[in-house]
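Asks:
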Amino acid sequence: MTASERPTAPLGSVAVIIPTYNERDNIESIVTRVRAASPAAGILVVDDNSPDGTGEIADKLAASDPRVQVLHRPGKSGLGTAYIAGFGWALAAGYDVMVEMDADGSHDPADLPEMLAALESADLVIGSRYVPGGTVVNWPRSREMLSRGANIYVRLMLGIAVRDATGGYRAYRAQTLREIGVEDVSSQGYCFQIDLTLRTIERGRQVTEVPITFTERARGASKMSRAIVIEALWRVAKWGVAWRLGRKPRSNTPDTPRG
Ligand SMILES: Nc1nc2c(ncn2[C@@H]2O[C@H](COP(=O)(O)OP(=O)(O)O)[C@@H](O)[C@H]2O)c(=O)[nH]1
Ligand SMILES: [Mg+2]
20 MTASERPTAP LGSVAVIIPT YNERDNIESI VTRVRAASPA AGILVVDDNS PDGTGEIADK
80 LAASDPRVQV LHRPGKSGLG TAYIAGFGWA LAAGYDVMVE MDADGSHDPA DLPEMLAALE
140 SADLVIGSRY VPGGTVVNWP RSREMLSRGA NIYVRLMLGI AVRDATGGYR AYRAQTLREI
200 GVEDVSSQGY CFQIDLTLRT IERGRQVTEV PITFTERARG ASKMSRAIVI EALWRVAKWG
260 VAWRLGRKPR SNTPDTPRG
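First residue of the sequence shown: 20, per our numbering; consecutive thereafter.
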């Protein structure tokens, strides 16, 4: 079944979840831009007690916009658990769609309407750098090679068609997150994105990629680390072996990504 043949279902309310660690110079801009692109959306900042005061700036933004909320966590605990906490909050609050978005401006809020439109006939939409029309701006060649290489590795290891399985600009239906048991996901970093992609595909759900331009941050520092890359390599290898040994049947692969 292609995305265009799939019956569409209305989306309902949208929560944009923005994890932050030391994003003092980015947080106000991203919240303002999300609000402009998606006037009705709830915005949840998940801050890990950033030493640079990001959490306090987020609190001020929340004080002037009732649809901005801040989840304060006691310390840096990784992107994966930040999203799990954010998804849990948004599911409990009754939102119908959960959007993942970085705080550093790499993900353009102006792409959100198109991603949400695609979600009307999908269960997960990935803002994709690696489908035709998608691109990366201002990444050093080495970083882009790492990301492209990781995605080729994921496709080969897991036998899936998604081109940007590590991409962190996404929209999920609440139902998708419930079905895949998101609260049980232990992967961190990029592996968190791969893990959720794989779980969605394994449940026979529709994954659609929408081309985006990913622009490397102009302010602040990346939290990418060697440990995050090693975690992804190792876990994906494990899942690939388990799949090949037949212990984890895969019910479908997604349609060829559009673009
Ligand atoms: N709450 C929280 N946010 C994080 C953590 N690590 C990264 N982030 C946020 O996740 C987003 C992406 O991180 P970034 O360092 O830009 O990763 P990169 O784009 O892959 O280099 C940014 O909004 C970060 O502030 C963490 O441990 N906790
Ligand atoms: Mg970044």
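The beta-carbon is built from N, C-alpha and C at its ideal position, and this holds for glycine as well.
Values in this document were obtained by computation on a predicted structure and should not be read as measured data.
Look up Tyr172 in the DSSP assignment and say whether it is helix, strand or coil.
Replies: Translated into positions along the sequence shown, residue 172 becomes position 153. Here Tyr172 sits in helix by DSSP.
Asks: Around the Cβ of Leu264, are there at least 16 other Cβ atoms within 10 angstroms (buried) or fewer (exposed)?
Replies: Taking the first residue of the sequence shown as 1, we reach residue 264 at position 245. Counting Cβ neighbours within 10 Å, Leu264 comes out exposed, since fewer than 16 surround it.
Asks: Out of Glu47, Arg182, Ala112, state which residue places its alpha-carbon closest to the alpha-carbon of Ser83.
Replies: Here the question's residue 83 lines up with position 64 in the sequence shown. The shortest C-alpha separation from Ser83 is found at Glu47.
Asks: Indicate whether the contact test is met: 3 or more Cβ pairs, each with one atom in the stretch 212–228 and one in the stretch 134–153, closer than 8 Å.
Replies: Touching, yes, given that three or more Cβ pairs across the two stretches are closer than 8 Å.
Asks: Is the Cβ-Cβ distance between Asp127 and Thr234 less than 9 Å?
Replies: Here residue 127 refers to the residue found at position 108 when the sequence shown is read from its first residue. Here residue 234 refers to the residue found at position 215 when the sequence shown is read from its first residue. Yes.
Asks: Using the Cα positions of Gly152 and Val229, report the straight-line distance between them to the nearest angstrom.
Replies: By one-based count along the sequence shown, residue 152 stands at place 133. By one-based count along the sequence shown, residue 229 stands at place 210. In a straight line, the C-alpha of Gly152 is about 9 Å away from that of Val229.
Asks: Determine which residues share a DSSP beta bridge with Val35 and list them.
Replies: The residue you call residue 35 lines up with position 16 of the sequence shown. For Val35, which the question treats as bridged, DSSP gives the partners Ile62, Val118.
Asks: Could you say which of Arg54, Asp121, Tyr114 lies nearest to Thr39 if we only look at CA atoms?
Replies: Counted from its first residue, the sequence shown places residue 39 at position 20. For the residues Arg54, Asp121, Tyr114, the minimum Cα distance to Thr39 belongs to Asp121.
Asks: Within the stretch 59–102, note down every full beta strand (DSSP E) run reaching 3 residues or more, in order along the chain.
Replies: 61–66, 87–91
Asks: State the beta-bridge partners of Glu202 as determined by DSSP.
Replies: Translated into positions along the sequence shown, residue 202 becomes position 183. Under DSSP, Glu202 shares a beta bridge with no residue.
Asks: Would you mind stating whether Ser69 and Arg52 have Cβ atoms separated by less than 9 Å?
Replies: Your numbering for residue 69 matches position 50 in the sequence shown. Your numbering for residue 52 matches position 33 in the sequence shown. No, the Cβ-Cβ distance between Ser69 and Arg52 is not below 9 Å.
Asks: Quick one: give me the first and last residue of the alpha helix (DSSP H) that Ile46 is part of.
Replies: Taking the sequence shown and counting its residues from 1, the one referred to as residue 46 is at position 27. Where Ile46 is concerned, the enclosing alpha helix (DSSP H) stretches over 46–56.
Asks: Where does Glu139 fall in DSSP's three states?
Replies: Numbered from its first residue, the sequence shown carries residue 139 at position 120. DSSP places Glu139 outside both helix and strand once states are collapsed to three, so it counts as coil.
Asks: Buried or exposed: which applies to Gly72, given that a residue is buried once 16 or more other Cβ atoms fall within 10 Å of its Cβ?
Replies: Here residue 72 refers to the residue found at position 53 of the sequence shown. When all chains shown are included, Gly72 counts as exposed.
Asks: With a threshold of 16 other CB atoms inside 10 Å of the CB of Ile241, please say whether the residue is buried or exposed.
Replies: Position 222 of the sequence shown, counted from the start, is the residue given in the question as residue 241. For the record, residue 241 in the displayed sequence is Ser; it is not Ile. When all chains shown are included, Ser241 counts as exposed.
Asks: Can we say the stretch 196–215 touches the stretch 129–138, given the rule of at least three CB pairs closer than 8 Å?
Replies: no
Asks: Take Val116 and list the residues in its own chain whose beta-carbon comes closer than 8 Å to its own, dropping the five residues that flank it on each side.
Replies: For the purposes of this step, residue 116 is identified with residue 97 of the sequence shown, where counting begins at 1. Leu30, Gly31, Ser32, Val33, Ala34, Leu135, Leu138, Ala190, Tyr191, Arg192, Ala193.
Asks: Could you tell me the distance, in whole angstroms, from the CA atom of Val181 to the CA atom of Asn45?
Replies: The residue labelled residue 181 in the question sits at position 162 within the sequence shown. The residue labelled residue 45 in the question sits at position 26 within the sequence shown. Each residue's alpha carbon lies about 30 Å from the other.
Asks: Specify the secondary structure class of Gly278 as computed by DSSP and reduced to three states.
Replies: As a working note, residue 278 is residue 259 in the sequence shown. The pLDDT assigned to Gly278 is 37, lower than 50, so where the model puts this residue is not dependable; a value taken from the coordinates is nonetheless given after this. Here Gly278 sits in coil by DSSP.
Asks: Check the C-beta distance from Asp123 over to Arg236 and give it rounded, since I have them as a contact under 8 Å.
Replies: Locating residue 123 in the sequence shown gives position 104, where the first residue counts as 1. Locating residue 236 in the sequence shown gives position 217, where the first residue counts as 1. Asp123 to Arg236, Cβ: 4 Å. Contact.
Asks: Looking only at its own chain, which residues have a Cβ that is under 7 Å from the Cβ of Asn157, when we skip the five neighbours before and after it?
Replies: Along the sequence shown, one-based indexing puts residue 157 at 138. Cβ neighbours of Asn157 beyond the five flanking positions: Thr234, Glu235.
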